[in-house]
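Engineer: One structure, as structure tokens, below. Some questions next.
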Amino acid sequence: MKNLISFWVGSWETSAGTAAEADSILPRLAQLHLNTVLMPVAWEQVEPSEGTFDFSILDHWIELARQQHLHLVLLWFGSWKNGFSNYAPAWVKEDTRRFPRAVSADGAPLEILSTLGSETLKCDRQAFSALMEHVKQKDQEQQTVLMVQVENEVGYLGRGRDRSVEADRLFRAPVPAELVEKLRNARESFSPELRAHFNPSGRTWKDVFGDTSDEVFMAWNYARYIEADIEAGKGAYQLPMYVNCQLPAPAERAGEYPSGGPQPYYLEVYRIVAPSLDFYSPDIYWPNFDYWIDRYKFAGNAIFVPEARIEAAPFNAFYAYGEARAFGFSPFGVDSLRTTPEASGPDPSISDVYAMLGSVSEMLLAAQASGDIRGLVLHSNSPRPTQTVALGGYLFEATLSRSWPAKTLLTDDGAMIIMQAAPNEFYMGGSGLTISFYRDPDVDNKLSGIASIEEVSREEGNWHTLRRINGDQSNQGRQLSMAPHQVHLYRVILYTIDRSSSAPAPLCVNQPQCANNESEMASPIAR
Ligand code: DGJ
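Right under this line is the structure:
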């Protein structure tokens, strides 16, 4: 089942593409249970000579997407992609007088367009507005194109900031009073990084932002440029527009990662300078996926992950939709995935995850909206072997599934999503985890147990019970073990009893003290 609000997304975007590539890629992606594809639209391709536009490739992609019942998110590769400017047309690249470059600390012009070129901004705006006008004409009825990413992973690559003559002049001048004033009034939403450096009584960028002044200065300049682009784009066609961010590696300095991009550090500057941006999105390739996505969970920001490491995607998707309540999660390079199970490798595939989540999309959306949803992801190298989340009065304690009796790990990765459908009734989807259930002592002092576990599926809106899980399969009624390397959905009904009603010889419902018999605690899977 396809869903138009939660996106089961993949990004296909290493190059701007040809019309023919749509013919081979889009049908395959539709088979992989994606409902939305991110595709680039490069400035050099749509405006090969100044003022002459060609949208034929885009038109073909839109038509093919419609045939495959897919949606598209357009990535505007205008002045910058990954910080550089290699998707700008040759007529822009060649004319460094009209379209000035950013300058490095040693005085060399870089292949990075300066944020301060007024002609560059004018031409980028014109091209972007022509694109949006074209999409409006072609698509406003059918709305195959859902939203637009403006530029790609912007930020200055080099020593901290652009050192062109104009940039140096502005950097030495006072920080615009309006920025300081608005920041002064927004302190409660500052990131820890901005809070640590902001000095409103200063005058120059260096005084006001200290060691982070290069980065904040670049954030101010990129945000101004992007705001002007969006103004032009939305002026033609009002679609949601966002920016994506290249996140820092540990110990990287600004300029080693794109300085002044929409990292979570100085987004307050973006909020002030670029109010037309609808949301900020992290591209998450680092292993601590949960840390980075959580940094974008702040009031007013809808969570969308436009790029993510494909190998970890089947697990991180559960965290994104379940815990971060994302409306879209998009592994990068999804066109490399094969449609046959034999070709997709030993792990669950993102396609299995999307198929399962897609089958319960109404429930997922309702649970996201009401907050009756949790998710977690665990790896063999996670800092703790267990992770616990609370939902609906219960604690769900997960650990990676192990064999019995050898107790070796059956998988290095596991993840789950839990949606509460009714009091005591949960739908749990995931892979590779063994989950114990406890009553949450912060809710009441009852005892809890498993009433039933069923493996279920949903097709065309109809529920099917595939098997009832009990006995060895539920560790004698104490745990749910999700098969490793596969994705399944379970309906779990829990119950509570009052402590006072338990018999003197205690009923071994799920409490930690009942779990000390080693052989009984082993995963039932391998029995
Ligand atoms: C991040 C960029 O946004 C993408 O366009 C692509 O270059 C990937 N990195 C490649 O890893």
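Under this note's numbering, read the sequence shown as residues 151 to 677, first letter to last. Idealized CB from N, CA, C, for every residue including glycine. None of these values were measured; they are calculated from a predicted model.
1) What is the residue span of the alpha helix (DSSP H) that residue 368 lies within?
2) Using the rule of at least 16 other Cβ atoms within 10 Å of the residue's Cβ for burial, across every protein chain shown, is residue 547 buried or exposed?
3) Measure the C-alpha to C-alpha separation of residue 352 and residue 322 and round it to an integer number of angstroms.
4) Is the beta carbon of residue 440 less than 8 Å from the beta carbon of residue 503?
5) Report the rounded CA-to-CA distance for residue 635 versus residue 497, giving the unit in angstroms.
6) In chain order, what residues of the same chain have a beta carbon less than 8 Å from the beta carbon of residue 169, not counting five sequence neighbours either side?
7) State the start and end residues of the unbroken beta strand (DSSP E) segment that holds residue 690.
8) Return the first residue and the last residue of the beta strand (DSSP E) that residue 480 is part of.
9) Going by beta carbon distance, what residues of the same chain come within less than 8 Å of residue 580, once the five residues before and after it are set aside?
10) Does the beta-carbon of residue 612, which I'm using as the reference point, lie nearer than 7 Å to any heavy atom of the ligand DGJ?
11) Can you tell me where the beta strand (DSSP E) holding residue 189 begins and where it ends?
12) Heavy atom of the ligand ATP less than 7 Å from the Cβ of residue 433, yes or no?
13) Please report the distance separating the alpha-carbon of residue 426 from that of residue 244.
14) Considering only the alpha carbon of each residue, which of 242, 188, 172 lies closest to residue 199?
15) Could you tell me whether the segment 334 to 343 touches the segment 250 to 269, using the rule of 3 or more Cβ pairs below 8 Å?
16) Which of the three DSSP states is assigned to residue 254 in this structure?
17) Would residue 489 pass as a contact of residue 188 if the rule is Cβ separation under 8 Å?
18) Apart from the five residues just before and just after residue 655, which ones in its own chain have a Cβ nearer than 8 Å to its Cβ?
19) Going by beta-carbon coordinates alone, are residue 300 and residue 383 separated by less than 8 Å?
20) Go through its chain and collect everything with a Cβ distance to residue 616's Cβ below 8 Å, but skip five positions before and after it.
21) Where does residue 347 sit, in a helix, a strand or coil, going by DSSP?
22) Measure from the alpha carbon of residue 444 to the alpha carbon of each residue in 415, 421, 420, 460, then state which is nearest.
23) The ligand DGJ and residue 243: does any heavy atom of the ligand fall closer than 7 Å to the residue's C-beta?
24) Rounded to whole angstroms, what's the CA-CA distance from residue 417 to residue 396? Just pull it up for me.
25) Ignore the nearest five residues each way along the sequence and tell me which others in residue 203's own chain have a CB closer than 7 Å to its CB.
26) So, is residue 345 buried or exposed, given that buried needs 16 or more other C-beta atoms within 10 angstroms?
27) Buried or exposed for residue 173, going by 16 or more other Cβ atoms inside 10 Å?
28) May I have the straight-line CA-CA distance separating residue 377 from residue 369, to the nearest angstrom?
29) First and last residue of the beta strand (DSSP E) that includes residue 298?
30) Check residue 342 in the structure and name its three-state DSSP category.
31) Cutting at 6 Å between CB atoms, please list the residues of its own chain near residue 570, excluding the five before and the five after it.
32) Can you tell me which of 424, 470, 405 puts its alpha carbon nearest to the alpha carbon of residue 434?
33) Distance check for residue 514 and residue 507, CA to CA, integer angstroms please.
34) Taking its Cβ as the centre, do 16 or more other Cβ atoms sit within 10 Å of residue 269, making it buried, or is it exposed?
35) Curious, which full-length beta strand (DSSP E) runs of at least 3 residues does the segment 412 to 445 contain?
36) For a test of your reading of the model: does the CB of residue 396 fall under 7 Å from any non-hydrogen atom of the ligand DGJ? Yes or no.
Structural biologist: Reading it off the structure:
1) 363 to 386
2) buried
3) Approximately 12 Å, taken between the alpha carbons.
4) no
5) If you take the alpha carbons of residue 635 and residue 497, they lie about 5 Å apart.
6) 206, 207, 210, 211
7) Only positions 151 to 677 of the chain appear in this structure, which leaves residue 690 out of reach.
8) 478 to 481
9) 468, 564, 565, 566, 567, 632, 637, 638
10) no
11) 186 to 192
12) Only the ligand DGJ can be found as ligands here, which leaves the ligand ATP out of the picture.
13) 31 Å
14) 242
15) no
16) coil
17) no
18) With a pLDDT of 44 at residue 655, under the threshold of 50, the predicted position of this residue should be treated as unreliable, and no value is reported.
19) yes
20) 604, 605, 606, 607
21) Residue 347 sits in a helix when the DSSP states are folded into three classes.
22) Out of 415, 421, 420, 460, 415 has the C-alpha closest to the C-alpha of residue 444.
23) no
24) 13 Å
25) 196, 197, 280
26) exposed
27) exposed
28) 12 Å
29) 295 to 302
30) helix
31) 522, 541, 542, 576
32) 470
33) 8 Å
34) exposed
35) 429 to 434
36) Checking the Cβ of residue 396 against the ligand DGJ gives yes.
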